[in-house]
Amino acid sequence: MSNSKNKIIELKNVSMTFRDSDTPVLNNISLDIHDNEFVTLLGPSGCGKTTTLRIIGGFATPDKGDLLFNGKRINDVPPYKRQVNTVFQKYALFPHLNVYDNVAFGLRISKVPEKEIKQRVAEMLEIVDLEGFERRSIDQLSGGQQQRIAIARALVNNPKILLLDEPLGALDLKLRKEMQIELKKIQQRMSITFVYVTHDQEEALTMSDTVVVMNKGEIQQIGTPQDIYNEPVNAFVADFIGESNILPGIMHRDYLVEFAGNNFDCVDGGFDEMEPVDVVIRPEDITIVPASDEVLNGVVETVTFKGVHYEIVVNAYSDYWIVHSTKSANVGEVVGLSFTPEDIHIMKKSEMPKITRYTVGQGEEA
Amino acid sequence: MKKLYRRLYIGLVFTFLYAPIVVLIVNSFNQSKSRSKWGGFTLDWYSKLLTDETILSSLVTTLIVALVASVVATVLGTAAAIGIFNMKKRWRSVILNTSYLPIMNPEIVTGVSLLLLFVFLNIELGYVTLILSHIAFCVPYVILNVLPKLRQMDKHLVEAALDLGCNRTQAFWKVTVPEIMPGIVTGFLMSITYSVDDFVISYFTNGSSAQTLSITIFSMTRRKVSPKINALSTLIFVVVLIVLIVMNVRDVQKSKPKRSHTSSKKGTVILAVVLLAAVLVSCVAVGFMLNRSSENTLDSGTYSDSVDWDMFRDKGITLNVYNWGEYISINEGEDGDFDTVSEFERLTGINVEYRTFASNEELYAKMKTGGFNYDVIIPSDYMAARFIKEGMIQRLDFDNIPNYSYIDQKFHDPVYDSENAYTVPYTWGYVGIIYNTTMVDTEKYDVESWDILWNEDFAKNILMFNNSRDAFAIAQFKNGFSVNTADQKELEIAAADLRTQKPLVQSYVMDEIFDKMIGGEAALAPYYAGDAVTMMEDNEDLDFVIPKEGTNRFVDVMCIPATVTDKDQKAAAEMFINFMCETEVALRNIEYICYSTPHTGAYELLDEETKNDENFYPSDEKLAKAEAFNVLPDSATKTIDALWTDIMSNTGTIPWLTPVFLVACVGIAVFINVYRSRKNKRKNEM
Numbered sequence: 013m014s015n016s017k018n019k020i021i022e023l024k025n026v027s028m029t030f031r032d033s034d035t036p037v038l039n040n041i042s043l044d045i046h047d048n049e050f051v052t053l054l055g056p057s058g059c060g061k062t063t064t065l066r067i068i069g070g071f072a073t074p075d076k077g078d079l080l081f082n083g084k085r086i087n088d089v090p091p092y093k094r095q096v097n098t099v100f101q102k103y104a105l106f107p108h109l110n111v112y113d114n115v116a117f118g119l120r121i122s123k124v125p126e127k128e129i130k131q132r133v134a135e136m137l138e139i140v141d142l143e144g145f146e147r148r149s150i151d152q153l154s155g156g157q158q159q160r161i162a163i164a165r166a167l168v169n170n171p172k173i174l175l176l177d178e179p180l181g182a183l184d185l186k187l188r189k190e191m192q193i194e195l196k197k198i199q200q201r202m203s204i205t206f207v208y209v210t211h212d213q214e215e216a217l218t219m220s221d222t223v224v225v226m227n228k229g230e231i232q233q234i235g236t237p238q239d240i241y242n243e244p245v246n247a248f249v250a251d252f253i254g255e256s257n258i259l260p261g262i263m264h265r266d267y268l269v270e271f272a273g274n275n276f277d278c279v280d281g282g283f284d285e286m287e288p289v290d291v292v293i294r295p296e297d298i299t300i301v302p303a304s305d306e307v308l309n310g311v312v313e314t315v316t317f318k319g320v321h322y323e324i325v326v327n328a329y330s331d332y333w334i335v336h337s338t339k340s341a342n343v344g345e346v347v348g349l350s351f352t353p354e355d356i357h358i359m360k361k362s363e364m365p366k367i368t369r370y371t372v373g374q375g376e377e378a
Numbered sequence: 023m024k025k026l027y028r029r030l031y032i033g034l035v036f037t038f039l040y041a042p043i044v045v046l047i048v049n050s051f052n053q054s055k056s057r058s059k060w061g062g063f064t065l066d067w068y069s070k071l072l073t074d075e076t077i078l079s080s081l082v083t084t085l086i087v088a089l090v091a092s093v094v095a096t097v098l099g100t101a102a103a104i105g106i107f108n109m110k111k112r113w114r115s116v117i118l119n120t121s122y123l124p125i126m127n128p129e130i131v132t133g134v135s136l137l138l139l140f141v142f143l144n145i146e147l148g149y150v151t152l153i154l155s156h157i158a159f160c161v162p163y164v165i166l167n168v169l170p171k172l173r174q175m176d177k178h179l180v181e182a183a184l185d186l187g188c189n190r191t192q193a194f195w196k197v198t199v200p201e202i203m204p205g206i207v208t209g210f211l212m213s214i215t216y217s218v219d220d221f222v223i224s225y226f227t228n229g230s231s232a233q234t235l236s237i238t239i240f241s242m243t244r245r246k247v248s249p250k251i252n253a254l255s256t257l258i259f260v261v262v263l264i265v266l267i268v269m270n271v272r273d274v275q276k277s278k279p280k281r282s283h284t285s286s287k288k289g290t291v292i293l294a295v296v297l298l299a300a301v302l303v304s305c306v307a308v309g310f311m312l313n314r315s316s317e318n319t320l321d322s323g324t325y326s327d328s329v330d331w332d333m334f335r336d337k338g339i340t341l342n343v344y345n346w347g348e349y350i351s352i353n354e355g356e357d358g359d360f361d362t363v364s365e366f367e368r369l370t371g372i373n374v375e376y377r378t379f380a381s382n383e384e385l386y387a388k389m390k391t392g393g394f395n396y397d398v399i400i401p402s403d404y405m406a407a408r409f410i411k412e413g414m415i416q417r418l419d420f421d422n423i424p425n426y427s428y429i430d431q432k433f434h435d436p437v438y439d440s441e442n443a444y445t446v447p448y449t450w451g452y453v454g455i456i457y458n459t460t461m462v463d464t465e466k467y468d469v470e471s472w473d474i475l476w477n478e479d480f481a482k483n484i485l486m487f488n489n490s491r492d493a494f495a496i497a498q499f500k501n502g503f504s505v506n507t508a509d510q511k512e513l514e515i516a517a518a519d520l521r522t523q524k525p526l527v528q529s530y531v532m533d534e535i536f537d538k539m540i541g542g543e544a545a546l547a548p549y550y551a552g553d554a555v556t557m558m559e560d561n562e563d564l565d566f567v568i569p570k571e572g573t574n575r576f577v578d579v580m581c582i583p584a585t586v587t588d589k590d591q592k593a594a595a596e597m598f599i600n601f602m603c604e605t606e607v608a609l610r611n612i613e614y615i616c617y618s619t620p621h622t623g624a625y626e627l628l629d630e631e632t633k634n635d636e637n638f639y640p641s642d643e644k645l646a647k648a649e650a651f652n653v654l655p656d657s658a659t660k661t662i663d664a665l666w667t668d669i670m671s672n673t674g675t676i677p678w679l680t681p682v683f684l685v686a687c688v689g690i691a692v693f694i695n696v697y698r699s700r701k702n703k704r705k706n707e708m
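Quick mapping for you: the protein sequence lines, in order, are chains W and V.
Using our numbering, the final residue of the first sequence is 378, and nothing's skipped along the way.
Using our numbering, the final residue of the second sequence is 708, and nothing's skipped along the way.
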């Protein structure tokens, strides 16, 4: 956590609605971003994460609320006067310029002497590992190389903050993994603030100091990757961060919850008596055991090999449970589902309707 | 085998595409004026082209108009495209469709409506209107080319520029413009192409002071198109070819992945070199021309002193003279060549804007619509009669034209100007029969009668006029009618004759007669005397006779439009007419034009051979029955046109076809639009 550091960007009660729409794209958002922090805005498409980024970049103006940079309100400062640079989703490199001219673009605009430009571009190309590519034209570069050039073009201007809008979305899986590590390294080496937008929870968890989970224009949870994963504040976060079994339950009293037709001990408390809650259990926290009266029993519906583990869908108490297990099971077999009280996460019912339910056909359903 | 067929097929396609150009290029080096006879290799046409001021000045006009119009259209069109692109959806499609409308619109409609607009707004036709109208039809092409580039452009590019420190203006110039540059360049090139190419719209909007190349060439078609045009077309073709090659080489080099940076530079260098070369050549040409035109002037003593030629010197008077193409002596770079217009300018200090037209009807149309301010026009007799009848030309002050006394007595008090008050004859000629002596046995057939054009022995070897008045005249003479008759019955008899003749006629021609007769492809044809002599020079087997039933004698006359109201301006125009009647000037012109002169002084100075040439100056008795065209009553003109159309059309017209066709077109357009908008809707709903 880097809460002790300086706040470099503050969003205060920011709301925004697009011109031709009724529903707000951002609804009363407040967020602090600190020096040298790697912040990821995570959420499904349409959650407002890109809009938040564009507000910071200066490409969108909030209807309500304030945007502060080092404590100063910058709502009306145009993009070219902000010490912020952006890496765009599809890189937005200038196709009419070669690699060198692309990277040098910002420096030339700010009238840096040509000699210094040369030096800084060379340094930057070294950082992104593309020395010797100066004369290449953009369409001669691979996706990963273009990505690096986009980063170099932004970073060469020594911004205080680098905004990245799903920068790895167009890359294949392997390259994406490499670039994740690369980006993290660059961020640490340059020691500047990165604000990163993605819908890929794994990416968010891998790279970030702080993850901001957003949905429907609202912030659901802010925390370290560990916090977000282990202590999701509601069913949406739980579901969005990794796969989850989310079941309706009733809190009988502290540390006793009823769901799936049984009472279970749990470690959560502080709810009203008989309060309806969401019960979240991670698929990897469930163990398949022989059917018995001690555990919840169900019928195996499907088994899918996923590489590291099997994804087994079990129909128990007319709900579909997803279990990740290193051992396979037979379809049609009656099995027991075992989990400990620590594996049961109790959450207040979300105000919003449930986002995800797993069905036998596997996959998601709105 | 298959391969062979394929090659054959490709060969045929290319032959079809390029054979005309090859013929054109070959002919530009052909010494003979005929297109069907090789007279040896020559570069004469090129050197004559480079000294022809009318062609060169219209070329310059064309280029200036094309450049100015294209630059303005490119700026306007690009700005419009950016504006349209950033509009809200509904407005965007409205504006877009509106701006495409001029492209869909037939050019002639655009041309006429622009003319009406300019006349309505009282803008004098000339450079300004020409450029305005070119801009008007070029802008949509620029929009059409720029808009897709804007759509293709990643919309984040501008944001990226802003992000990297550009303000809006910088982002526009540093990112948007370079990104859409290919579209802008294509739009610009298309504008230039369409502008240079345009004839129809320019024809209506050029006025008296600006004549483009296409109009100049068109105005030459009354008489044979000069081989100079072949030379010019060849030059244009070569320039286009070079530009295309340069661009293609550039493209190829660009598409090679490596060294793209240097090669595009190389392409630019080549382009620059080519342009430079073109500029140099034209400079040399202009220099050559200027050098030449300073020679060959006449001694001042040559001119009569009955008028004060210096009267209007330094008064800033400009005369607009409107004449047929190739109908005045110009300097073609040979010794003794006489440039009428520049000689007049030198002598009097009056500036002359010399323009050309192609037909009496064109002249009439331009006079009638207004907006054209000509000071001297040279229509044919019957058109002059019409102008007199409609009050469109004015009485001349013959005190200012003392040289009128040289005009042969027999041209006084003509039928078309019975008061002898409005016109001064410039040239004259008549229609006779030109025939090939190897194909027509004069012992056996009577060539001196129009009947021979109806003789079945010459089926498919007869050529006929491809214009109603001249064709009817022949049938009328054949039947002993007057050519100026309005009698319905007589007209129908003439028409019936022409219909009987039709199966015997090889083709109905005007200009093509030169090639056909010189090439020996036809035996007999009625045509104008002066042109007949030109043909006879190229083919010794040809001969020319005046049919005994009588024939049409035509006179082209100089007049001053009624719109010339300024006293000095009119006097200056009369000075020009008087100058044209100077013996030496009339001589030079008639030698150049190769028609007959009504000028007694010039006639006397002609060489003996021409003077005694029965074809140029037949005896009075031979032309005793000759008749001049007079203006016909509207009813007669309409009857003739209807009968002629009926004769020329094989099947007879189907009156409902045109409206049905138009309705079908509109229907298809509506259908396509509805279909497209539905498709778009469906797309958007998805």
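Cβ atoms here follow ideal geometry from the backbone N, Cα and C, with glycine treated the same way.
{"query": "Contacts of K102 (chain W) in chain V (Cβ-Cβ under 8 Å)", "result": "D176 and H178"}
{"query": "Which of helix, strand or coil DSSP assigns to M461 (chain V)", "result": "coil"}
{"query": "G674 (chain V) to T661 (chain V) span [Cα, whole Å]", "result": "With a pLDDT of 47 at G674 (chain V), under the threshold of 50, the modelled position of this residue cannot be trusted; read the value that follows with caution. Roughly 16 Å separates the two Cα atoms."}
{"query": "Where T449 (chain V) falls, given that 16 or more other Cβ within 10 Å makes a residue buried", "result": "buried"}
{"query": "Exposure of D361 (chain V), with buried meaning 16 or more beta-carbon neighbours within 10 Å", "result": "buried"}
{"query": "Distance CB(L38 (chain W))-CB(G229 (chain W)) smaller than 8 Å", "result": "yes"}
{"query": "6 Å Cβ shell around T324 (chain V) - same chain, five flanking residues per side excluded", "result": "E606"}
{"query": "R160 (chain W) classed as buried or exposed, judged by whether at least 16 other C-beta atoms fall within 10 angstroms", "result": "buried"}
{"query": "Where the beta strand (DSSP E) through Q232 (chain W) begins and ends", "result": "E230 to G235"}
{"query": "Near-chain V residues of the segment 156-182 of chain W - C-beta to any C-beta below 8 Å", "result": "R165, A166 and N169"}
{"query": "Straight-line Cα distance separating I139 (chain W) from E197 (chain V)", "result": "According to the sequence as given, residue 197 (chain V) is Val; it is not Glu. One C-alpha to the other measures close to 26 Å."}
{"query": "Contact check, Q523 (chain V) vs W476 (chain V), beta carbons under 8 Å", "result": "yes"}
{"query": "G502 (chain V) - DSSP class collapsed to helix/strand/coil", "result": "coil"}
{"query": "Bridge partner(s) assigned by DSSP for D185 (chain V)", "result": "The partner list for D185 (chain V) (beta bridge, DSSP) is empty, contrary to what the question assumes."}
{"query": "Below-8 Å beta-carbon distance, P401 (chain V) vs any chain W residue", "result": "no"}
{"query": "Nearest-angstrom beta carbon gap, P295 (chain W) and N257 (chain W) [assumed within contact, 8 Å]", "result": "7 Å"}
{"query": "DSSP state of N39 (chain W) mapped onto helix, strand, coil", "result": "strand"}
{"query": "4 or more residues per run - each alpha helix (DSSP H) lying fully within the segment 23-93 of chain V", "result": "24-50 and 66-73"}
{"query": "Straight-line gap, L118 (chain V) to I106 (chain V) (C-alpha atoms, nearest Å)", "result": "7 Å"}
{"query": "Anticipated Cβ contact below 8 Å, I20 (chain W) with T205 (chain W), distance rounded", "result": "6 Å"}
{"query": "Three-state class that DSSP yields for R85 (chain W) in the structure shown", "result": "strand"}
{"query": "Pair within 8 Å by beta-carbon distance, T590 (chain V) and K337 (chain V)", "result": "Strictly speaking, residue 590 (chain V) in this sequence is Asp, with Thr absent from that position. Yes."}
{"query": "CB contact flag (M212 (chain V), N167 (chain V), <8 Å)", "result": "yes"}
{"query": "Residue-chain proximity (N702 (chain V), chain W), Cβ-Cβ < 8 Å", "result": "no"}
{"query": "CB contact check: H108 (chain W) to chain V, cutoff 8 Å", "result": "yes"}
{"query": "Interface flag, Y112 (chain W) vs chain V, CB-CB below 8 Å", "result": "no"}
{"query": "Whole-angstrom C-beta distance between V115 (chain W) and V96 (chain W), which should lie under 8 Å", "result": "Incorrect: roughly 18 Å between the Cβ atoms, too far for contact."}
{"query": "Residues bridged to A547 (chain V) [DSSP beta-bridge criterion]", "result": "V:I456"}
{"query": "DSSP state of D221 (chain W) mapped onto helix, strand, coil", "result": "coil"}
{"query": "beta-carbon R173 (chain V) near the ligand PLP non-hydrogen atom, thresh 7 Å", "result": "No copy of the ligand PLP occurs in the structure displayed, which carries no ligand at all."}
{"query": "Endpoints, the beta strand (DSSP E) within which A328 (chain W) is located", "result": "Y322 to A328"}
{"query": "DSSP bridge partner residues for N342 (chain V) (one or two, in chain order)", "result": "V:E375"}
{"query": "The segment 155-173 of chain V contacting the segment 121-128 of chain V, beta-carbon criterion three pairs below 8 Å", "result": "yes"}
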